[in-house]
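Chemist:
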Amino acid sequence: MDQFLTQFLSILPEGWMRQVAWFAILLAITFACERAIAHGLRRILRSDENPLPATSIIVNIARGAVWFVGGSIILETCFDVNVSTFVAALGVGGIAISLGFQDTLSNLIGGLQLTFMRVVAPGDHIRVGTDQGVVTDVGLRHTTIENATGQTIIIPNSVLSKSSFVKLPPASLVVVPFAITSTEKPLAEDAERIAQATETAVRAVSPIVSDPPVKVLFSDITEYGFRGKVILHIENPELVAAAIDAAVRAIAPFTR
């Protein structure tokens, strides 16, 4: 490989053409290394033996490090720029830089804390303030979650790392409270009919993965009747809103 590069560069005349050739070669090598390292890290993070969440922040930091090293080599080789002098200047102005990038550094450190301490991971169902959804990724600056209606909510990493939030049951969980105002039959029979009607209605929306498919639990007796709730898990979390709608429509006739 070295012999091939030497022969190739010897063909080019001295001057800018050789610099352009070196620039293109080093840029291609940097790009190939960045792609290979990013692909390898993604495979490692998605493996079953990996203890860390499969978030993009680790991959992005590695990609940035590769481009920093490759850019430094390109600047010194092709343009005779002393990178060490530039790094020393950054050190002298470190306080000013840290103040200017305070929010960025806070989000970056917060993202690393969330990832390496395994506070949240893709697939977790969380509620932050009034926002609720499933975590899709933890990036360099923000964490993205997707709510039941398909909306993407962006939350800065510093907010998650500094404030309290609630880890909820899996997003595939469907819970529908109800109240039976009057009944002429035993509650066990009402519960069975509600379960059958709910199962039929929800299966038309998404497969049910819970066992038993539907649970009907009564929790309270009031002057207005009997309070309870229907509990089940569906296969597709994106259809939770539609499943709740179907369950409410199926239960409604039993509450009158």
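Residue numbers (our numbering): 1 to 256. We treat Cβ as the ideally placed atom computed from N, Cα and C, and that holds for glycine.
(1) Can you tell me which residues form a DSSP beta bridge with G225?
(2) Distance check for V135 and I25, CA to CA, integer angstroms please.
(3) If you follow the alpha helix (DSSP H) that E76 is in, where does it begin and where does it stop?
(4) Taking 8 Å as the threshold, find out whether the segment 213 to 222 comes into contact with the segment 181 to 196 through three or more Cβ pairs.
(5) So, for L160: in the same chain, excluding its five sequence neighbours on each side, which residues have a beta-carbon less than 8 Å away from its beta-carbon?
(6) Taking the CB atoms as reference points, tell me whether T30 and W67 lie closer together than 8 Å.
(7) Taking M259 as the reference, give the member of F79, V230, I155 with the closest Cα.
(8) Roughly how many whole angstroms lie between the Cα atoms of I231 and S182?
(9) Taking Cβ positions, are R141 and N107 nearer each other than 8 Å?
(10) Which residue wins for smallest C-alpha separation from R203, given the options A246, V20, E189?
(11) Indicate whether the contact test is met: 3 or more Cβ pairs, each with one atom in the segment 232 to 244 and one in the segment 171 to 185, closer than 8 Å.
(12) Applying the 10 Å Cβ sphere with the 16-neighbour rule, what's the burial state of L52?
(13) Which residue from I155, Q102, V138, A148 puts its Cα closest to that of F116?
(14) For D137, which three-state DSSP category applies?
(15) Whose CA, out of A21, V59, T55, H125, lies closest to the CA of I37?
(16) Using CA atoms only, rank isn't needed, just tell me which of H233, P122, I73 is closest to L27.
(17) Quick one: what does DSSP say V214 is sitting in, helix, strand or coil?
(18) Report, in whole angstroms, the separation of the C-beta atoms of I208 and H233, which I expect to be a contact under 8 Å.
(19) Within 10 angstroms of its Cβ, does V166 collect 16 or more other Cβ (buried), or is it exposed?
(20) Just to check my reading of the structure: I154 and G133 have Cβ atoms closer than 8 Å, yes? What is that Cβ distance to the nearest angstrom?
(21) T222: which of N50, H39, F178, V20 sits nearest, CA to CA?
(22) Which value, in whole angstroms, describes the spacing of the CA atoms of S210 and E49?
(23) Is F254 helix, strand or coil by DSSP?
(24) Can you tell me whether F31 is helix, strand or coil according to DSSP?
(25) Can you list, in chain order, the residues of its chain whose CB lies under 8 Å from that of D124, leaving out five sequence neighbours each side?
Modeler: Per the coordinate set shown:
(1) T222
(2) 40 Å
(3) 56 to 78
(4) yes
(5) G110, L114, V119, V120, V128, T143
(6) yes
(7) The chain is shown only over 1 to 256; residue 259 falls outside these bounds and no answer can be derived.
(8) 22 Å
(9) yes
(10) A246
(11) yes
(12) exposed
(13) V138
(14) strand
(15) V59
(16) I73
(17) coil
(18) 7 Å
(19) exposed
(20) That belief does not hold up - the Cβ atoms of I154 and G133 are roughly 11 Å apart, past 8 Å.
(21) F178
(22) 27 Å
(23) helix
(24) helix
(25) V134, V135, K167
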